[in-house]
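Sequence positions in the sequence shown follow my numbering and run 1 to 181. What follows is one structure encoded as structure tokens, with my remarks underneath.
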Amino acid sequence: MDRNSELSRRALLKNVAIMTGGILSSSVISGVLSGALAQEVIIVDHPVFSDDQLKLVAEMADMIIPDTDTPGAKAALVHDYIHAIVGDWYYDDERENFMRGLKAVDDHFLNGSPAERIAIMMALDNEKSDKKTFFEEFKELTLIGYFSSQIGAEEELRYEQYPGPYQGCVPFEKVGRTWAT
Numbered sequence: 001m002d003r004n005s006e007l008s009r010r011a012l013l014k015n016v017a018i019m020t021g022g023i024l025s026s027s028v029i030s031g032v033l034s035g036a037l038a039q040e041v042i043i044v045d046h047p048v049f050s051d052d053q054l055k056l057v058a059e060m061a062d063m064i065i066p067d068t069d070t071p072g073a074k075a076a077l078v079h080d081y082i083h084a085i086v087g088d089w090y091y092d093d094e095r096e097n098f099m100r101g102l103k104a105v106d107d108h109f110l111n112g113s114p115a116e117r118i119a120i121m122m123a124l125d126n127e128k129s130d131k132k133t134f135f136e137e138f139k140e141l142t143l144i145g146y147f148s149s150q151i152g153a154e155e156e157l158r159y160e161q162y163p164g165p166y167q168g169c170v171p172f173e174k175v176g177r178t179w180a181t
């Protein structure tokens, strides 16, 4: 992948900020509000992914948020978070649509070379539809799972339970990253 096609952490954070102003699915919102956040161990009450599908979800999420100077999606167990949301919180029709999209990707992704995987992800990202596409839903789950995880909140974003006194108009260079709380 050349430098121009790489998504930097800064661009990712900018896109997350833009995306959070958009519409989230009701299943994702209810899952997050009920405490289904990415964490060290996630129990899935209604498993729907096979081992191969879980591996596929982990690989795809890790391509969206790879390891850099901070751990990526795989280290944050985003794949387990996605499994919990899809298995435990999605309505049947949402789950069927997600599984259909995952099956379509599964046929070629895991056996593909890194270049083929990138091509598949780019094709998914460029799909146009009146409704939310599988990949838009997948990216949403990946970003929410990552930034609600301990790794995402403490190592990518800056988390302090008590950030201290209010200091308005502080130059960004002084704080270095955005805040999780």
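Quick reminder that beta carbons are idealized off the backbone N, C-alpha and C, glycines included.
Task: Whole-angstrom distance between Val-78 and Gln-150, CA atom to CA atom - done: Answer to the nearest angstrom: the Cα atoms are 11 Å apart.
Task: Cα-Cα separation between Lys-103 and Thr-133, rounded to whole angstroms - done: Rounded to whole angstroms, Lys-103 to Thr-133 spans 14 Å at the Cα level.
Task: Start and end residues, alpha helix (DSSP H) containing Gly-101 - done: Run containing Gly-101: 92–106, per the alpha helix (DSSP H) assignment.
Task: Where the alpha helix (DSSP H) containing Tyr-146 begins and where it ends - done: It spans 134–147 - the alpha helix (DSSP H) in which Tyr-146 sits, taken as one unbroken run.
- [ ] Measure the alpha-carbon distance for Asn-129 versus Asp-67 and round it to whole angstroms.
- [x] Looking at the sequence shown, residue 129 is not Asn but Ser. Spanning the two alpha carbons is a distance of roughly 31 Å.
Open item on the list: The alpha helix (DSSP H) that contains Asp-125, what's its start and end?
Closed with: Asp-125 -> alpha helix (DSSP H) spans 114–125.
Task: Inter-residue Cα distance where the pair is His-83 and Asn-97 - done: Cα to Cα, the separation comes out at about 14 Å.
TODO: With a 10 Å radius around its C-beta and 16 neighbouring C-beta atoms as the bar for buried, classify Glu-116 as buried or exposed.
DONE: Taking a 10 Å sphere around the C-beta of Glu-116, we find fewer than 16 other C-beta atoms and assign the residue as exposed.
Task: For Glu-127 and Pro-71, believed in contact at Cβ under 8 Å, the rounded distance - done: In fact, because the Cβ distance is near 29 Å, the residues do not count as touching under 8 Å.
- [ ] Return yes when the Cβ of Val-48 is within less than 8 Å of the Cβ of Arg-95, no when it is not.
- [x] Result yes, Cβ atoms of Arg-95 and Val-48 sit closer than 8 Å.
TODO: Apply the 10 Å Cβ neighbour rule to Met-189 and answer buried if 16 or more other Cβ atoms are within range, or exposed otherwise.
DONE: Because the chain is modelled from 1 through 181, residue 189 falls outside the range shown and cannot be assessed.
Task: Integer-rounded CB distance, given that Ile-64 should sit under 8 Å from Ala-75 - done: Between Ala-75 and Ile-64 a beta carbon distance of about 13 Å is seen, past the 8 Å cut, so the two are scored as non-contacting.
Task: Pairwise C-alpha distance: Phe-138 and Trp-89 - done: One C-alpha to the other measures close to 15 Å.
Task: Distance between Asp-80 and Gln-53 (C-alpha atoms, nearest Å) - done: In this structure, the alpha-carbon of Gln-53 lies about 11 Å from that of Asp-80.
Open item on the list: Mapping the DSSP letters down to three states, classify Pro-76 as helix, strand or coil.
Closed with: For clarity, residue 76 is Ala in the given sequence; the question names Pro instead. In the structure shown, Ala-76 adopts coil according to DSSP, grouped into three states.
Task: Cβ-based neighbour list, Asp-106, same chain, cut-off 8 Å, excluding 5 preceding and 5 following - done: The residues are Asp-52, Gln-53, Leu-56.
Open item on the list: Please state the DSSP three-state secondary structure of Gln-167.
Closed with: The answer is coil: DSSP assigns Gln-167 none of H, G, I, E or B.
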